[in-house]
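Per my numbering, the very first residue in the sequence shown carries number 243; after that it's consecutive.
The beta carbon of each residue, even a glycine, is placed where N, CA and C say it ideally should be.
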Amino acid sequence: MLCRVAESLFWMSRYLERAENQARFIDVTSNIALGYRGRELDLWSSLLHAGGDVETFKETYSAPTQENVIRYLLFDPKNQNSVVSCLAAARENARSIRENLTTPMWEVVNQFYLRVRKAASESNRAIRQPHGVLEQIKRSAHQVLGVIQATWSRGEAWHFSSLGYHLERADKTSRILDVKYFILLPDPMHVGSQVDVVQWAALLESTSALEMYRREYGRIEPAKVVDFLMLNTRFPRSMRFCVRDAESSIRAISGTPMHSFSNPAEQLVAQLNAKLNYARATDVIGNGLHQFVDDFQSQLNGIGAAVAESFFQVNMNTGRGMQSQRSFMR
Numbered sequence: 243m244l245c246r247v248a249e250s251l252f253w254m255s256r257y258l259e260r261a262e263n264q265a266r267f268i269d270v271t272s273n274i275a276l277g278y279r280g281r282e283l284d285l286w287s288s289l290l291h292a293g294g295d296v297e298t299f300k301e302t303y304s305a306p307t308q309e310n311v312i313r314y315l316l317f318d319p320k321n322q323n324s325v326v327s328c329l330a331a332a333r334e335n336a337r338s339i340r341e342n343l344t345t346p347m348w349e350v351v352n353q354f355y356l357r358v359r360k361a362a363s364e365s366n367r368a369i370r371q372p373h374g375v376l377e378q379i380k381r382s383a384h385q386v387l388g389v390i391q392a393t394w395s396r397g398e399a400w401h402f403s404s405l406g407y408h409l410e411r412a413d414k415t416s417r418i419l420d421v422k423y424f425i426l427l428p429d430p431m432h433v434g435s436q437v438d439v440v441q442w443a444a445l446l447e448s449t450s451a452l453e454m455y456r457r458e459y460g461r462i463e464p465a466k467v468v469d470f471l472m473l474n475t476r477f478p479r480s481m482r483f484c485v486r487d488a489e490s491s492i493r494a495i496s497g498t499p500m501h502s503f504s505n506p507a508e509q510l511v512a513q514l515n516a517k518l519n520y521a522r523a524t525d526v527i528g529n530g531l532h533q534f535v536d537d538f539q540s541q542l543n544g545i546g547a548a549v550a551e552s553f554f555q556v557n558m559n560t561g562r563g564m565q566s567q568r569s570f571m572r
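Here's what the structure looks like:
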């Protein structure tokens, strides 16, 4: 497989997942804000901090009001991580490798982009009442993923796409945890209160995890929520689940068996997987969840860079990818 094709598949999936998760960020913040009347600016500012968007936001907007932040994260074309920008990038990556996708895949990606473009043309109404467009974004993202799972053979192309999805999803689940824990939990007035429980429930709901959590744990308790979203091995949005599946895809691409590695990407993702396998939620919280999440995100960034080096960059001496002298396709 050509390096540019592999890279486009990887980034198409990352951008699709990023678009959906921006909608989830806005959704959880909107729900948590119901219990924080009078502190809305702090709350919406926390969302910008969690996404690393504070400085670019300030270039255009004067204050982190709900309306400004939602506009910035949903429809601002100058924000490269806005939903509309992510979908434009996903669509362009898909268009450039159209022959590697199934027809239904291209159609749902294109339709997803066009739906959000239409919503952007009516942005004032969508920003005032965002629930409808947020639900539409999440449903469209699920439709795309369903078509990918139903129509694509589990070959190398699928694994590059899956790798992109899972690395992006792991990062965004960790950031959703950070929004709640890093910004809101330090307020002692709400810790352990009904407001706190409602906020944790909103966080679970934003990751489509509330029903699965209740079936496994019942009552909502912060340590158990962290355990579920970070370390659960069966829930598809947990950080551990995503890293495990990312490692599986990297190994499927390279053909390297477990407990060994042939490139930096395999080594780094295996190390992070092992870290999560032996982590405990109570220890993570006791030692500082925010610090753990920061380290986790740094390790994911390292894996992303290693994936690019191992699979996407071209060795000028051979004209092929640096991963090996053979084609990736087997």
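Alpha helix (DSSP H) segment containing residue i, residue limits
i	result
K320	Segment: none, K320 is in no alpha helix (DSSP H) and carries neither H nor E.
S382	H373 to T393
T307	Note, T307: premise wrong, no alpha helix (DSSP H); not H, not E.
T475	Counting along the chain, T475 falls outside any alpha helix (DSSP H), and DSSP gives it neither H nor E.
I339	Neither: I339 is in no alpha helix (DSSP H) and is coded neither H nor E.
I462	Note, I462: premise wrong, no alpha helix (DSSP H); not H, not E.
Y407	E398 to D420
D525	A523 to N529
T298	V296 to K300
A550	That residue, A550, is in no alpha helix (DSSP H); it is neither H nor E in DSSP.
Assigned secondary structure, residue i (DSSP; H/G/I helix, E/B strand, else coil)
i	result
H501	coil
E364	coil
Q555	coil
R256	helix
E489	helix
E282	helix
L244	coil
L276	coil
T449	coil
Y520	coil
S480	coil
M431	Note that M431 has pLDDT 46, beneath the 50 cutoff, so the model's placement of it is unreliable and no number is given.
CB contact check: residue i to chain B, cutoff 8 Å
i	result
A248	Looking at the structure shown, chain B is missing, and only one protein chain is on hand.
Buried versus exposed call for residue i [16 or more other C-beta atoms within 10 Å across all chains shown]
i	result
Y257	buried
S382	buried
N529	exposed
P372	buried
K300	exposed
E463	exposed
E262	buried
E297	exposed
D420	buried
R493	buried
H501	exposed
Under 8 Å between C-beta atoms of residue i and residue j
i	j	result
F252	F402	yes
R479	A521	no
W348	A336	yes
A412	D469	no
E398	I495	yes
V326	R357	no
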